[in-house]
Structure formats: C-alpha cells, structure tokens
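*Asks:*
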Amino acid sequence: MSSTDHPGRGVERLIQGQATQDGAGVKLTRVLTQDLQQRLDPFLMLDAFGSDDPDEYIAGFPNHPHRGFETITYMIAGRMRHRDSGGHEGLLQNGGVQWMTAGFGLTHSEMPEQEEGRMEGFQLWLNLPSNEKLCKPSYVDIQSEHIPEHTTDEGVLVRVIAGESREVKANIQRDATQPLYLDVHFSQDAIFEQRIPATHNAFVYVYRGELTVLAPQQQTPIALARMAILDNTQDRVFLQGCAGTRAIVIAGKPLNEPIVQYGPFVMNTREEIMQAVEDFRAGRMQ
Ligand code: FE2
Numbered sequence: 000m001s002s003t004d005h006p007g008r009g010v011e012r013l014i015q016g017q018a019t020q021d022g023a024g025v026k027l028t029r030v031l032t033q034d035l036q037q038r039l040d041p042f043l044m045l046d047a048f049g050s051d052d053p054d055e056y057i058a059g060f061p062n063h064p065h066r067g068f069e070t071i072t073y074m075i076a077g078r079m080r081h082r083d084s085g086g087h088e089g090l091l092q093n094g095g096v097q098w099m100t101a102g103f104g105l106t107h108s109e110m111p112e113q114e115e116g117r118m119e120g121f122q123l124w125l126n127l128p129s130n131e132k133l134c135k136p137s138y139v140d141i142q143s144e145h146i147p148e149h150t151t152d153e154g155v156l157v158r159v160i161a162g163e164s165r166e167v168k169a170n171i172q173r174d175a176t177q178p179l180y181l182d183v184h185f186s187q188d189a190i191f192e193q194r195i196p197a198t199h200n201a202f203v204y205v206y207r208g209e210l211t212v213l214a215p216q217q218q219t220p221i222a223l224a225r226m227a228i229l230d231n232t233q234d235r236v237f238l239q240g241c242a243g244t245r246a247i248v249i250a251g252k253p254l255n256e257p258i259v260q261y262g263p264f265v266m267n268t269r270e271e272i273m274q275a276v277e278d279f280r281a282g283r284m285q
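Residue numbers for the sequence shown follow numbering that gives the first Met the number 0, beginning at 0 and rising by one.
1) So residue 29 and residue 19 are in contact, right, with Cβ under 8 Å, and what is the actual spacing, rounded?
2) Span of the alpha helix (DSSP H) holding residue 15?
3) In chain order, what residues of the same chain have a beta carbon less than 7 Å from the beta carbon of residue 113, not counting five sequence neighbours either side?
4) When we look at the beta-carbon of residue 273 and count the other beta-carbons within 10 Å, is it buried (16 or more) or exposed?
5) With contact counted as at least three CB pairs below 8 Å, one residue from each stretch, are the stretch 49-58 and the stretch 236-250 in contact?
6) Closer than 6 Å by C-beta to residue 138: which residues in its own chain qualify, once you throw out the five before and the five after it? Chain order, please.
7) Cβ of residue 88 versus every heavy atom of the ligand FE2: is any distance shorter than 8 Å?
8) Report the rounded CA-to-CA distance for residue 2 versus residue 215, giving the unit in angstroms.
9) Ignore the nearest five residues each way along the sequence and tell me which others in residue 233's own chain have a CB closer than 7 Å to its CB.
10) Out of curiosity, what's the CA-to-CA distance linking residue 283 and residue 62?
11) Between 70, 23 and 34, which has its C-alpha nearest residue 264's C-alpha?
12) Which residues in the same chain as residue 267 place their Cβ atom closer than 6 Å to its Cβ, once the five residues preceding and following it in sequence are excluded?
13) Could you tell me the boundaries of the alpha helix (DSSP H) in which residue 273 lies?
14) May I ask you to report which of helix, strand or coil DSSP gives residue 145?
15) Determine, using beta-carbon pairs with one atom in the stretch 92-108 and one in the stretch 31-43, whether at least three such pairs fall under 8 Å.
16) Can you check whether the C-beta of residue 161 is within less than 9 Å of a C-beta belonging to chain D?
17) At the level of alpha carbons, what is the spacing between residue 66 and residue 177?
18) May I have the straight-line CA-CA distance separating residue 117 from residue 16, to the nearest angstrom?
19) Where are the beta strand (DSSP E) runs, 3 residues long or more, that stay fully inside the stretch 234-258, in chain order?
20) As a quick exercise: from 224, 147, 64 and 194, pick the residue whose alpha carbon is nearest that of residue 206.
21) Do residue 169 and residue 147 have their C-beta atoms closer together than 9 Å?
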C-alpha cells in the first residue's frame with residue numbers, strides 16, 4: 000500500500016513541549032500545556048520525565064493536594080514510592096501504572112526510591128466530569144505484569160493501559176471520558192493501526208526513535224520527544240515505525256465542560272476553585 004491508501008487521522012500540529020521543574024525541583028518536559036486543554040479535552044496535562052542524573056529527580060514530589068481529576072503515572076524506568084492522606088501506599092516501578100482519582104481531594108507524595116540510575120516515565124492528567132469531580136478519592140496500582148498486552152502480526156507490541164486495542168481490554172475503563180492509553184513498541188519496520196472514534200481527541204508522543212503518521216495525501220514524521228495532535232477526520236490512525244521506535248498513543252471523549260485550573264485543582268468554575276483552596280487550607284483534604 001502507498002501512504003494514500005491509509006484512511007487514517009493526520010497530524011494537525013506538532014508540539015515540542017516545555018522544559019520545566021515541578022515538585023521539589025524535578026526536571027521534566029511539560030508536553031501537554033494549559034493552552035492545549037480545550038483542544039485535547041478530556042486531558043489536562045502530560046509531563047514526560049527522563050534522566051540518568053539523580054540531581055534532576057532525587058528531590059521528588061513532596062506532599063501536595065489534588066482535586067477534580069485523575070492522575071495516571073506510567074513508569075518506564077525507575078522506582079517511585081507513593082503515599083497519600085487516605086492511607087494508601089504503593090511502589091511504582093518499571094512498566095507499572097498508578098491511577099489515582101483525586102475526586103474530592105487528597106494530599107499525596109511521590110518520592111524516588113533510588114539514588115542512582117535512570118528515572119523515566121509520564122504523568123497524564125485526565126479530567127473528571129462535573130458530577131464526579133467531588134467523588135471519593137481512590138487509587139489503583141497496576142504492576143507491569145498485570146498490564147494487558149498484545150503483539151500484532153507485524154511484531155508491534157501494544158501495552159493497553161486504558162481502553163481497548165484489538166479486543167484486548169485494559170484494567171481501567173471510564174464511561175464519561177472513555178480514555179485510550181497505549182504504549183506501542185516496534186521491533187522492525189511495521190505499520191500499526193488503531194481504531195479511535197473520530198470525535199475523540201487524540202495525540203501521540205514518541206519517546207524512542209521516530210515514527211510517521213500515515214494519512215490520505217499526508218505522511219508526517221514525528222521526531223523523538225515530540226507530540227503530534229491528531230486531526231479528527233477519521234476513525235483510526237496508522238503509525239509507521241521501525242526497530243526500537245516507542246510511542247504512547249492517548250485518546251479520549253471530550254467532556255465539553257468549562258475548565259478552570261488553579262495549580263493542582265481543576266474544576267468548572269472560579270467559585271469551585273475558591274472552595275477547593277478553602278477546603279485544602281482547612282485540612283479537609285487530609
Ligand atoms: Fe501529584
């Protein structure tokens with residue numbers, strides 16, 4: 000097939016991400032920034048972190064609150080200890096996921112449990128619909144061996160963190176936002192096809208090698224450490240990679256509700272944000 004034969008979504012925009020620091024000075028790249036929240040609704044943020052230098056991650060993320068959304072941390076390499084005010088504790092390590100629903104609010108810390116070696120991964124923020132923003136906080140640790148996977152005939156390994164790929168379903172499903180979160184590994188030259196409803200907002204971030212998005216009349220290369228926002232023209236995407244290429248593919252159903260963010264709180268109105276600040280100060284997120 001030539002590229003014109005791939006009836007898939009094209010690339011609307013390529014994003015480089017912004018180098019920043021968060022927590023107690025962890026260096027990271029903010030790939031999905033606040034100005035993209037409407038376009039990529041229901042996703043609010045994507046941070047990529049990756050360093051071999053302990054000075055860039057050792058300080059970790061000491062106690063801080065969240066309200067109104069979910070955080071999904073995917074660890075590619077390294078170990079991070081999570082503790083929260085609900086008494087939950089877990090160790091997040093190589094290939095594992097922590098899915099935290101902040102809901103009404105909690106305070107938590109995410110601290111490296113290693114003093115050397117590589118620390119690499121992603122944190123994605125997924126919004127909650129207005130009627131679930133104040134739900135009871137919860138969290139799930141999914142160790143690497145419990146993340147469903149499949150390998151295509153062309154040798155592409157697909158880890159299904161959320162949603163569904165070729166009838167392989169993730170442990171986590173959400174009705175309101177229907178998130179899809181895949182980690183795709185290419186072992187040779189191959190094309191990977193994934194269904195994504197055209198109404199869902201979607202993006203791809205490449206974290207090893209590079210790949211090409213194949214669409215009618217359009218072949219768009221995505222370089223290492225770049226995010227491609229996919230257009231909403233088709234109900235699938237075709238990704239062409241080669242040996243060693245790895246990328247995350249993320250999509251979700253937009254909520255189409257107002258988004259008001261103040262740091263770690265994301266609500267629908269300014270009044271709700273003021274209430275969040277007040278509840279936090281009064282110790283109600285403990
Ligand atoms: Fe956090």
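Every residue, glycine too, gets a C-beta built ideally from N, C-alpha and C.
*Replies:* The relevant details are as follows:
1) Indexing the sequence shown from 1 puts residue 29 at position 30. Indexing the sequence shown from 1 puts residue 19 at position 20. Going by Cβ atoms, the distance from residue 29 to residue 19 rounds to 5 Å, so yes, they are a contact pair.
2) As a working mapping, residue 15 is identified with position 16 in the sequence shown. First-last for residue 15: undefined, no H or E at that position.
3) As a first step, residue 113 is located in the sequence shown; it is residue number 114 there, counting from the start. 77 and 78.
4) Your numbering for residue 273 matches position 274 in the sequence shown. Exposed.
5) no
6) Along the sequence shown, read from residue 1 onward, the residue named residue 138 stands at position 139. For residue 138, where only same-chain residues beyond five positions count, the Cβ hits under 6 Å are 87 and 99.
7) Numbered from 1 along the sequence shown, position 89 holds the residue referred to as residue 88. Checking the Cβ of residue 88 against the ligand FE2 gives no.
8) Position 3 of the sequence shown, counting from 1, holds the residue named residue 2. Position 216 of the sequence shown, counting from 1, holds the residue named residue 215. Caution is warranted here: a pLDDT of 46 is assigned to residue 2, below 50, making its placement in the model unreliable, and the coordinate value is therefore given only provisionally. Taking the Cα positions, residue 2 is about 7 Å away from residue 215.
9) On the sequence shown, residue 233 is found 234 positions in, with the first residue counted as 1. Excluding positions up to five away in sequence, the list reads 6, 7, 8 and 197.
10) Residue mapping note: residue 283 aligns to position 284 of the sequence shown, counting from 1. Residue mapping note: residue 62 aligns to position 63 of the sequence shown, counting from 1. Answer to the nearest angstrom: the Cα atoms are 15 Å apart.
11) Taking the first residue of the sequence shown as 1, we reach residue 264 at position 265. Closest option to residue 264, Cα to Cα, is 70.
12) For the purposes of this step, residue 267 is identified with residue 268 of the sequence shown, where counting begins at 1. So the qualifying residues of the chain are 129, 256 and 257.
13) Translated into the one-based positions of the sequence shown, residue 273 becomes position 274. That run of the alpha helix (DSSP H) goes 269-280.
14) Mapped onto the sequence shown, residue 145 falls at position 146. Residue 145: helix per DSSP, three-state reduction.
15) no
16) Annotation note: the requested chain D is absent from the structure, which comprises a single protein chain.
17) Locating residue 66 in the sequence shown gives position 67, where the first residue counts as 1. Locating residue 177 in the sequence shown gives position 178, where the first residue counts as 1. Roughly 20 Å separates the two Cα atoms.
18) Within the sequence shown, the letter at position 118 stands for residue 117. Within the sequence shown, the letter at position 17 stands for residue 16. About 21 Å.
19) Complete beta strand (DSSP E) runs here, min 3: 235-240 and 245-251.
20) Counting from 1 along the sequence shown, the entry for residue 206 is found at position 207. Per the Cα distances, 224.
21) In the sequence shown, the residue the question calls residue 169 occupies position 170. In the sequence shown, the residue the question calls residue 147 occupies position 148. In this structure, residue 147 lies closer than 9 Å to residue 169 by Cβ.
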